[in-house]
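To keep things clear, I will list the structure first and then write my remarks on it.
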Amino acid sequence: QPQTGELQALDRAHHLHPFTDFKALGEEGSRIITHAEGIYIYDSEGQRILDGMAGLWCVNLGYGRQELVDAATEQMRQLPYYNNFFKTTHEPAVRLAEKLCQLAPSDINRVFFTGSGSEANDTVLRMVRRYWAIKGRPRKRVVIARENAYHGSTIAGMSLGGMAPMHAQGGPCVPGIEHIRQPYWFGEGRDQSPTAFGQECAAALEAKILELGEDNVAAFIAEPVQGAGGAIIPPDSYWPAIKAVLARHDILLVVDEVICGFGRLGEWFGSQHYALQPDLMPIAKGLSSGYLPIGGVLVGDRVAEALIEEGGEFFHGFTYSGHPTCAAVALRNLELMEREGVIQHVREDVGPYLAKRWSELAEHPIVGEARSLGLIGSLELVADKANGERFDKSLAAGNLCRDLCFQHGLVIRSVGDTMIVSPPLVMTREQIDELVALARQALDDTARHLGI
Ligand code: PLP
């Protein structure tokens, strides 16, 4: 066993963690995760913790999959690295590209690989701009995204994202990106029906396009279900209305599938759940079940054919675009998902089961709403169930609940006072029962701490 204290001291001295208050971490010290198996992670003090977030929404097949270790080992022996620049490639990248296009909506037949979801969204921006320039409409450059969305941490990813604190700290953002409201019914729309609210959010897109001028708007980017923004499941009326707006104004649809892709909503891609035909789909995370870093952009025929016909070098790419070892692991991951019927398992078994068990938590005194789709779910913490009033921000109820979950042996994410789960897709019904029981205990504790 590693020495917890020694590792914490070294961590404090030398390691700046992502998305972390460095000062607070220095005072509290980190939890050291040592190993993992199935849906559980283990820390250096021997605690077993149910990973209700699948790492960072990515370990879809769960931990300890020997087949993925073997895929990496075999590929590393044969060709650990080579690039795809200029006119070379290798079998793992080619086979993975073919597989992805088989699984994607029908008029997506090309993929551009990246190392991460952030790089995928940078690539989206580059492709969208080039597409409209080729089409002789270079003024079409503005991309419309949504408030509170997360699309990555590079400057382009941050700019596409709609997280105000990130903009405040990391700005100025890339120019030519505008944000509209998110279809967050519980947070912003409860004075009307979900249907009316979904339509109102789509109308906000049209209003923004008209304000900017259709000739200036290149694309709209959104996740099928907004993940890091709070597991925001749009009302059923939302996506059909958005599709109609985009068609009316000839604007490209970019669907960020970094979280929703690879089974999270019970289809290979979230786009398929909502019957979307995206022009571009950034992907990452579950593509390799997080075992190795790999991302990409699935490119629809409309954009790909324009880029190909135009010719001329596309001055864009990454050293690790289509990395052979990462690609081999991703391919094996997709093959395993197919062989084990993971999509069906989510759509027909554990997705509906989570919906049933999770919705029971809506009865808890501090829960205003419990929603889920496939294997993503969230709880809205409220001080007053009757009117949905939130806790005072100074109480940081969400973070309190998250920390209490951890103490009970459950990883769950807090975004403000919205609690999110996004567990491995291979979970069983019994494990969902365990997850719900742990969440309930932590909610009871949270209520007690808050004097309710
Ligand atoms: N897009 C979405 C929807 C994400 O949730 C994330 C990461 O959480 C990203 C993009 C960025 O991906 P990465 O962290 O691999 O750069």
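Okay, so the sequence shown: first residue is 3 according to full-length UniProt numbering, each after it adds one.
We put the CB at the ideal spot given by N, CA and C, even for glycine.
Since we're looking at a predicted model, the values are computed, not measured.
Check	Outcome
So residue 499 and L207 are in contact, right, with Cβ under 8 Å, and what is the actual spacing, rounded?	An answer regarding residue 499 cannot be provided, because it is not within the stretch 3 to 454 covered by the chain.
Can you give me the start and stop residues for the beta strand (DSSP E) that T36 sits inside?	35–39
Name the residue from R450, L452, D435, I454 whose alpha carbon lies nearest to the alpha carbon of G54.	D435
Over the uninterrupted beta strand (DSSP E) stretch that includes T116, give me the two end residues.	110–116
Leaving aside the five residues before and after I35 along the sequence, list all residues of the same chain whose C-beta is less than 6 Å from its C-beta, in chain order.	I43, D45
Would you list, in sequence order, the uninterrupted alpha helix (DSSP H) runs of no fewer than 4 residues that lie entirely inside the segment 132–162?	157–162
DSSP three-state call for E340: helix, strand or coil?	helix
In chain order, what residues of the same chain have a beta carbon less than 6 Å from the beta carbon of A329, not counting five sequence neighbours either side?	P94, A95, L98
Let me check understanding here. Comparing Cα to Cα, which of E190, V130, G390, L267 lies closest to E307?	V130
Consider the C-beta atom of S120 and the heavy atoms of ligand 1; say whether any pair is separated by less than 6 Å.	yes
As a quick exercise: from E149, G173, A398, N150, pick the residue whose alpha carbon is nearest that of A158.	G173
Under 8 Å: do the segment 193–213 and the segment 112–132 share three or more Cβ pairs, one atom per stretch?	no
Taking 6 Å as the cut-off, is the C-beta of V331 nearer than that to any heavy atom in ligand 1?	no
How is the beta strand (DSSP E) around M421 delimited, first residue to last?	420–423
Whose CA, out of H169, R431, L440, lies closest to the CA of Y355?	R431
Could you please give the first and the last residue of the uninterrupted alpha helix (DSSP H) stretch that includes P94?	93–105
Hey, out of H16, V219, D258, T197, whose CA is closest to A243's CA?	T197
Measure the alpha-carbon distance for G31 versus L282 and round it to whole angstroms.	41 Å
Compute the minimum distance between the beta carbon of V260 and the heavy atoms of ligand 1, and state whether it is under 6 Å.	yes
Mind checking whether the beta-carbon of A56 lies closer than 6 Å to any heavy atom of ligand 1?	no
Here's a check: name, in chain order, each residue in its chain whose Cβ is nearer than 6 Å to the Cβ of A230, leaving out the five neighbours to either side.	Y152
By the 10 Å Cβ neighbour count, where 16 or more other Cβ atoms means buried, how is I310 classified, buried or exposed?	exposed
Buried or exposed for R141, please, with buried defined as at least 16 other CB atoms from any protein chain shown within 10 angstroms of its CB.	exposed
Taking only three categories from DSSP, how would you classify R192?	coil
Quick one: does the C-beta of Y152 sit closer than 6 Å to a heavy atom of ligand 1?	yes
Going by DSSP in three states, I253 sits in which element: helix, strand or coil?	coil
Look at F115 and G298 and say whether their C-beta atoms are less than 7 Å apart.	yes
To the nearest angstrom, how far is the alpha carbon of P425 from that of R139?	43 Å
Evaluate the contact criterion for the segment 340–348 versus the segment 79–91: three or more CB pairs, one atom per stretch, below 8 Å.	no
Does K358 pass the burial test, meaning 16 or more other C-beta atoms within 10 Å, or should it be called exposed?	exposed
Starting from G64, trace the beta strand (DSSP E) in both directions and tell me its first and last residue.	Careful: G64 lies outside any beta strand (DSSP E) and carries neither H nor E.
In angstroms with no decimal places, state the Cα-to-Cα distance between P326 and I211.	41 Å
Return yes when the C-beta of A230 is under 6 Å from any heavy atom of ligand 1, and no when it is not.	yes
Could you name the residues of the same chain whose beta carbon sits closer than 7 Å to that of L418, not counting the 5 residues immediately before and after it, in chain order?	The question names Leu, but residue 418 is Gly in the sequence shown. Cβ within range, chain order: G400.
In terms of residue numbering, what span does the beta strand (DSSP E) encompassing H16 cover?	No beta strand (DSSP E) holds H16; the alpha helix (DSSP H) holding it covers 6–16.
Just to confirm before moving on: does the CB-CB distance between I136 and E312 stay below 7 Å?	yes
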